[in-house]
Amino acid sequence: MILESLKETTISTESSPILQVRNLKQHYPITKGILSRTVGHVKAVDGISFDIFPGETLGLVGESGCGKSTTGRAIVQLEKPTEGEIIFEGKNLADFSSREMRKIRTDLQIIFQDPYSSLNPRKRIGDLLSEPLLFHKLVEPFEVKKKVDDILEVVGLPRAYVGRYPHEFSGGQRQRIGIARALILNPKLIVCDEPVSALDVSIQAQVLNLLKDLQKEFQLTFLFIGHGLGAVKYISDRIAVMYLGNIVEIAKTEDIFKNPKHPYSSALLSAYPVPNPHLRNKEKIVLQGDVPSPANPPSGCKFHTRCPFVQSKCREEVPVLKGIDHSVACHFPLS
Amino acid sequence: MAKYLLEVDKLQTVFKTGKGEVTSVEEVSFQLKPGQTIGIVGESGCGKSVTSLSIMRLLGKHGIVKKGSILFNGLDLTKISESEMRNIRGNEISMIFQEPMTSLNPVFTIGNQMMEGIRLHMKLSKKEARKYSIEMLNSVGIPRPEAIMDEFPHSLSGGMRQRVMIAMALSCNPKLLIADEPTTALDVTIQAQILELMKNIRTKFNTAIMIITHDLGVVAEMADRIIVMYAGQVVEEANVFTLFDNPKHPYTKGLIGSIPHIDYDAEERLVSIPGAVPSFQNMPTGCRFHTRCEFAMERCLQQQPDLIPVPNDELDDHKVRCWLGEEELAATQPGNREVTV
Chain A
1016 MILESLKETT ISTESSPILQ VRNLKQHYPI TKGILSRTVG HVKAVDGISF DIFPGETLGL
1076 VGESGCGKST TGRAIVQLEK PTEGEIIFEG KNLADFSSRE MRKIRTDLQI IFQDPYSSLN
1136 PRKRIGDLLS EPLLFHKLVE PFEVKKKVDD ILEVVGLPRA YVGRYPHEFS GGQRQRIGIA
1196 RALILNPKLI VCDEPVSALD VSIQAQVLNL LKDLQKEFQL TFLFIGHGLG AVKYISDRIA
1256 VMYLGNIVEI AKTEDIFKNP KHPYSSALLS AYPVPNPHLR NKEKIVLQGD VPSPANPPSG
1316 CKFHTRCPFV QSKCREEVPV LKGIDHSVAC HFPLS
Chain B
164 MAKYLLEVDK LQTVFKTGKG EVTSVEEVSF QLKPGQTIGI VGESGCGKSV TSLSIMRLLG
224 KHGIVKKGSI LFNGLDLTKI SESEMRNIRG NEISMIFQEP MTSLNPVFTI GNQMMEGIRL
284 HMKLSKKEAR KYSIEMLNSV GIPRPEAIMD EFPHSLSGGM RQRVMIAMAL SCNPKLLIAD
344 EPTTALDVTI QAQILELMKN IRTKFNTAIM IITHDLGVVA EMADRIIVMY AGQVVEEANV
404 FTLFDNPKHP YTKGLIGSIP HIDYDAEERL VSIPGAVPSF QNMPTGCRFH TRCEFAMERC
464 LQQQPDLIPV PNDELDDHKV RCWLGEEELA ATQPGNREVT V
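In the order they appear, the protein sequences are chains A and B. Note that my numbering numbers the first sequence so that position 329 is 1344, with each residue one more than the last. Note that my numbering numbers the second sequence so that position 256 is 419, with each residue one more than the last.
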């Protein structure tokens, strides 16, 4: 029922966002003592909002601990958000019962970072891939085998591999299996949680090319989480930069790379080592210090402790994300 | 006095396993001058870490240097006794490991671990060693070094631990610093800090650096010369500009083409090398890259190419292990983007 109504809404509203995230917060309690009293919260994600439009790829970049993976996990409902709304195709996911949610999950899939720990070592590839199909009863049992064969072909693995176990595969092949498992349910949105960062350089390129091809073929929408800026740029249409649980800048890929407005984004871009020795003497912005702890973030703008352009206003007032096409959360954006 | 600080000649390192010997590094040769930085690049399992561990003689009980020599200041490191090696290790040659999380001992304080090597090699008293350690920590940019001396590794962040490792490695003013993936476990902004630090050290102490990484961006930034390794062998060696501007080996080309640049067209497709690195038990005959090479010829399947100088190379320091002739090499450049300055 709900699924049908959902599908109607997509057809009627072509260019409306497929996913809207509104003021998403994910706080984890810090407990202490034998009574496990809550003594504080780790503010992994601290109020972020963004839209993803059908068919596009939104890249989410930031350093470790900035909350990018938590955002991805909250979107596919692996974790219940502390606060905020996740609206998928016009419906708030929090309104669904777990039974109804199960149906939505076929549309929302995730590819995990580590292809070594995300596949059950005791299951054959064929079983791993047919499990979601049987669970969601998407195809008749006699069709399952064909569907599994087809999907293996789509991700570029020989059909003969269905009887093998995960340990028999290399990292790149395992990531292809992870992609196949996400893809087999015909999802609309796939959260790619650093799908290439555990792979070797030449294999990364294979997987990135595959993801790009699949997106074209199946009209997929991606939320691509990554810390390798090159990979994120290659695949994304728009990029959101996160720092300590907040989005500090969100814009078209080109705009972010050519004209970053937040000092953090510009430092991140400048810190990325470019594989071109002729550019090695280029002036670099090297940020001082470490990322502060999300349990005890700095007041005002969270970046002020490391910002090279900090002023007194930054220490007191929290900047809000402003701008329509190119939004930035900074009191004194770079021009 | 030898001209080179380090001369590795036809190094072959094997590991004894239950299934017989596995050759993990074969015929690796390179030279390093004082103050020079050499980058060793390759994918996981290509033997780059084993090369550095062979130099440090940290191969464990199953690994042995079977052939070749490693001359450090004219002294063959493969021939000297363990106690002589102990005087060199951590003193004249030191190493930074990849995982700052696991390479410090969790049950000793930072100060304790720093002072151990300093007292051993520099013969300082406890008090002097402590003072010197604080100085070293200060010089690598650690805030509050006195307090950090009494902290345990778990209370430091990844970047800070790597700084401690660097301080420890540099404390005896080594002539050679081996950095095995020093920034792989770190975030981009912290990586920039560490690379900056290593550059400063190089200019300040004239330390030769051997940097091992899979990240071509890091070597483009740091290295003077680059060695590309594949399946235990050196497939190409050149100075950094030559290697990026005019790579000769199909593997190097593929590797360079497969990195998504940040300053490069989004519509361009990444060059990918099909397949995966072969395992050492199952090494292809002939050229080890032929299973993944798009230009493989009959000859590549049977005969193993040698590492030979590239003809018509002005600087005469560009070597490649490939059967493709000079003309063919020039004609087949699919993954070679124009490098704009």
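A virtual CB, placed ideally from N, CA and C, is assigned to each residue, including glycine. Just so it is clear, the structure is predicted and the values come from calculations on it, not from any experiment.
Fill in: Nearest residue (CA-CA) to residue 329 (chain B), options B:204, B:370, B:271 and B:456
The shortest C-alpha separation from residue 329 (chain B) is found at B:370.
- Item | Extent of the continuous alpha helix (DSSP H) run through residue 1150 (chain A) | 1140-1151
Query raised in the report: Going by the CB atoms, is the gap between residue 465 (chain B) and residue 454 (chain B) shorter than 8 angstroms?
Result: no
- prompt: For the alpha helix (DSSP H) that contains residue 405 (chain B), what are its first and last residues?
  reply: 403-408
At the 8 angstroms Cβ level, is residue 1218 (chain A) part of the contact set with chain B, yes or no?
So, interface residue.
For chain A, check one thing: does any of its Cβ atoms lie closer than 8 angstroms to the Cβ of residue 180 (chain B)? It does not; no Cβ of chain A falls within 8 angstroms.
* In terms of alpha-carbon separation, which member of A:1307, A:1324 and A:1326 lies closest to residue 1317 (chain A)? -> Of the listed residues, the one whose Cα sits closest to residue 1317 (chain A) is A:1307.
**Request:** Could you name the residues of the same chain whose beta carbon sits closer than 8 angstroms to that of residue 1303 (chain A), not counting the 5 residues immediately before and after it, in chain order?
**Result:** Here residue 1303 (chain A) has 1321 as same chain residues with Cβ atoms under 8 angstroms from its own Cβ, once five neighbours each way along the sequence are excluded.
Worksheet item: Going by the CB atoms, is the gap between residue 1107 (chain A) and residue 1115 (chain A) shorter than 8 angstroms?
Response: Pairing residue 1115 (chain A) with residue 1107 (chain A) gives a Cβ-Cβ distance that is not under 8 angstroms.
Practice task
Please classify residue 1048 (chain A): is it buried, with 16 or more other beta-carbons within 10 angstroms of its beta-carbon, or exposed?
Solution key: exposed
*Within the 8 angstroms Cβ cut-off, does residue 388 (chain B) reach chain A?*
no
Review point. Rounded to a whole number of angstroms, what is the C-alpha to C-alpha distance between residue 1301 (chain A) and residue 1142 (chain A)?
Key: Using only the alpha carbons, I get a separation of about 49 angstroms.
Continuous beta strand (DSSP E) stretch holding residue 1044 (chain A): start and end | 1034-1047
*Mapping DSSP to helix, strand and coil, what is residue 257 (chain B)?*
strand
Between residue 1118 (chain A) and chain B, is there a C-beta pair that is closer than 8 angstroms?
no
| field | Between the CA atoms of residue 356 (chain B) and residue 502 (chain B) - distance to the nearest angstrom | value | With a pLDDT of 40 at residue 502 (chain B), under the threshold of 50, the predicted position of this residue should be treated as unreliable, and no value is reported.
- Anticipated Cβ contact below 8 angstroms, residue 1258 (chain A) with residue 1279 (chain A), distance rounded: Their Cβ separation, rounded to whole angstroms, is 5 angstroms, which keeps residue 1258 (chain A) and residue 1279 (chain A) in contact under 8 angstroms.
Beta-carbon of residue 1069 (chain A) versus every beta-carbon of chain B: anything under 8 angstroms? It does not; no Cβ of chain B falls within 8 angstroms.
Check: By Cβ distance, which residues of its chain are closer than 8 angstroms to residue 444 (chain B), with the 5 residues on each side in sequence left out?
Finding: 182 and 185
task = Return the bridge partner residues of residue 471 (chain B) from the DSSP annotation.
result = Within the DSSP secondary-structure output, residue 471 (chain B) pairs in a beta bridge with B:483.
| query | Identify the residues that DSSP records as bridge partners of residue 188 (chain B): which are they? | reply | B:176
Contact residues within the segment 1202-1217 of chain A, judged by C-beta distance below 7 angstroms to chain B:
Per Cβ criterion, the list reads 1215, 1216 and 1217.
*Does the Cβ of residue 1110 (chain A) have 16 or more other Cβ atoms within 10 Å, making it buried, or fewer, making it exposed?*
exposed
When DSSP builds the beta bridges, which residues end up paired with residue 342 (chain B)? B:259 and B:374
By how many angstroms is the C-alpha of residue 297 (chain B) removed from the C-alpha of residue 1037 (chain A)? Our two residues, residue 1037 (chain A) and residue 297 (chain B), have alpha carbons roughly 49 angstroms apart in a direct line.
Query raised in the report: When burial is assigned at 16 or more other CB atoms within 10 Å of the CB, is residue 286 (chain B) buried or exposed?
Result: Its Cβ having fewer than 16 others within 10 Å, residue 286 (chain B) is exposed.
Any beta-carbon of chain B closer than 8 angstroms to the one on residue 997 (chain A)? The structure shown does not extend to residue 997 (chain A), since chain A is modelled only from 1016 to 1350, so the question has no answer here.
| request: Whole angstroms is fine: what's the gap from residue 1295 (chain A)'s alpha carbon to residue 1284 (chain A)'s? | output: 14 angstroms
Original post:
Alpha carbon to alpha carbon, how far is residue 1338 (chain A) from residue 436 (chain B)?
Top reply: Answer to the nearest angstrom: the Cα atoms are 42 angstroms apart.
| Within 9 angstroms of chain B by C-beta, residues of the segment 1279-1305 of chain A in sequence order | 1279, 1282, 1283, 1284, 1285, 1286, 1287, 1288, 1289, 1290, 1291, 1292, 1293, 1294, 1295, 1299, 1300, 1301, 1302, 1303, 1304 and 1305
Quiz item: What is the DSSP secondary structure of residue 224 (chain B), reduced to helix, strand or coil?
Solution: Coil at residue 224 (chain B), not helix or strand.
request  = Check the Cβ of residue 206 (chain B) against every Cβ in chain A and list those closer than 7 angstroms, keeping chain order.
outcome  = What residue 206 (chain B) touches in chain A: 1215, 1216 and 1217.
Legend entry - Beta-carbon proximity of residue 1239 (chain A) to residue 1074 (chain A), cut-off 8 angstroms: yes
- Take the Cβ of residue 237 (chain B) as the centre, count every other Cβ of all protein chains shown within 10 Å, and call the residue buried at 16 or more, exposed below. exposed
Review point. Taking the C-alpha atoms as reference points, what is the distance between residue 307 (chain B) and residue 485 (chain B)?
Key: When rounded, the distance between both Cα atoms is 53 angstroms.
*Check each candidate in A:1290, A:1222 and A:1032 and name the one with the smallest Cα separation from residue 1066 (chain A).*
Looking from the CA of residue 1066 (chain A), the closest CA among A:1290, A:1222 and A:1032 belongs to A:1032.
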